[in-house]
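Trainee: Pasting a structure here, questions to come.
In the working numbering, the protein residues as written are 1 to 238.
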């Protein structure tokens with residue numbers, strides 16, 4: 001099991017006025033799964049993603065990543081695990097505007113202290129994998145929204161993570177660009193990546209084999225998407 005959350009929660013405020021952004025939640029995600037987490041704003045879906053990605057610490061409960069209890073990890077150990085095992089794709093790309101596409105993709109390897117030769121080789125390969133070999137020297141401002149998100153995906157892939165966490169990956173894109181990004185994410189899953197995708201859009205969520213619905217900080221359902229069955233044509237008798 002890649003991810004195992006046991007009564008994981010996140011609360012804010014004092015003991016008297018505490019607010020649960022995530023109620024105690026237990027779930028498991030197998031390696032190679034594709035899971036969509038869907039809910040309205042404030043449902044707790046992004047809080048859950050931040051906890052699964054070790055971007056935040058739980059208020060209670062335990063989180064196991066590939067069999068390792070991560071709950072008590074210090075900031076440095078958590079950052080080390082994130083850097084090497086988890087790739088993040090965000091709605092707003094988070095590219096550094098004064099760095100080329102190549103340099104943006106190299107950043108995780110800079111933190112990992114990879115050599116400059118390895119950084120360039122792996123960044124070029126990652127950009128080729130998302131179809132941007134011709135734009136490696138381009139600044140983000142000269143790229144379309146879809147191209148910027150592809151750079152962000154290349155950056156997420158460059159450390160060869162076992163888990164991809166995508167938070168509203170098409171939220172800032174037009175429908176055509178968004179479809180291209182979803183197709184790329186689906187292709188990465190078919191290659192064996194574990195993908196957890198957060199979205200508010202039921203149609204996007206339905207592309208995943210498993211959907212976790214959330215509301216008011218709690219999981220309300222967890223399972224395969226409900227497929228719409230076309231209705232039979234009405235038979236008219238005289």
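Glycine included, every Cβ here is placed at the ideal spot set by N, Cα and C. Small disclaimer: the values here were computed from a predicted structure and weren't measured.
#1: I'd like to check one pair, residue 162 with residue 105: are the Cβ atoms closer than 8 angstroms?
#2: Take residue 238 and list the residues in its own chain whose beta-carbon comes closer than 8 angstroms to its own, dropping the five residues that flank it on each side.
#3: Drop a sphere of 10 angstroms on the beta-carbon of residue 58, count the other beta-carbons inside from all chains shown, and report buried for 16 or more, exposed for fewer.
#4: When we look at the beta-carbon of residue 1 and count the other beta-carbons within 10 Å, is it buried (16 or more) or exposed?
#5: If you compare alpha carbons, which of 153, 173 and 175 is closest to residue 165?
#6: For residue 129, which residues from the same chain have a beta carbon less than 8 angstroms from its beta carbon, with the 5 sequence-adjacent residues on both sides left out?
#7: Does the region 93 to 101 come close enough to the region 200 to 208 that 3 or more CB-CB pairs lie under 8 angstroms?
#8: Quick check on DSSP: helix, strand or coil for residue 151?
#9: Between residue 28 and the rest of its own chain, which residues show a CB-CB distance below 6 angstroms, the 5 nearest in sequence each way excluded?
#10: Can we say the region 6 to 17 touches the region 60 to 73, given the rule of at least three CB pairs closer than 8 angstroms?
#11: With a threshold of 6 angstroms on Cβ separation, who are the neighbours of residue 225 within its own chain once the five nearest residues in sequence on each side are excluded?
#12: Check for me: the beta strand (DSSP E) holding residue 6 runs from which residue to which?
#13: Helix, strand or coil for residue 218, going by three-state DSSP, please let me know.
#14: Below 8 angstroms on the Cβ atoms is my contact criterion, and I expect residue 47 with residue 21 to pass it. Report the Cβ-Cβ distance as a whole number of Å.
#15: Buried or exposed: where does residue 100 fall if 16 or more other Cβ atoms within 10 Å of its Cβ makes it buried?
#16: Measure the Cβ-Cβ separation of residue 181 and residue 149 and say whether it is below 8 angstroms.
#17: For the region 34 to 43 against the region 208 to 223, do three or more pairs of beta-carbon atoms, one drawn from each stretch, fall closer than 8 angstroms, so that the two count as touching?
#18: Does the distance from the C-beta atom of residue 136 to that of residue 188 stay below 8 angstroms?
#19: Would you report the Cα separation of residue 67 and residue 142, rounded to the nearest angstrom?
#20: At the level of alpha carbons, what is the spacing between residue 17 and residue 32?
#21: Starting from residue 75 and walking both ways along the alpha helix (DSSP H), at which residues does that stretch end?
#22: For residue 127 and residue 14, I'd like the C-alpha separation in whole angstroms.
#23: Enumerated in chain order, which unbroken segments of the beta strand (DSSP E) with a length of 3 residues or greater are wholly contained in the region 86 to 130?
Mentor: The answer reads as follows:
#1: no
#2: The pLDDT assigned to residue 238 is 42, lower than 50, so where the model puts this residue is not dependable; a value taken from the coordinates is nonetheless given after this. Cβ neighbours of residue 238 beyond the five flanking positions: none.
#3: buried
#4: exposed
#5: 153
#6: 154 and 157
#7: no
#8: helix
#9: 1 and 4
#10: yes
#11: 206 and 211
#12: 3 to 12
#13: strand
#14: 4 angstroms
#15: buried
#16: yes
#17: yes
#18: no
#19: 43 angstroms
#20: 40 angstroms
#21: 75 to 85
#22: 46 angstroms
#23: 86 to 90
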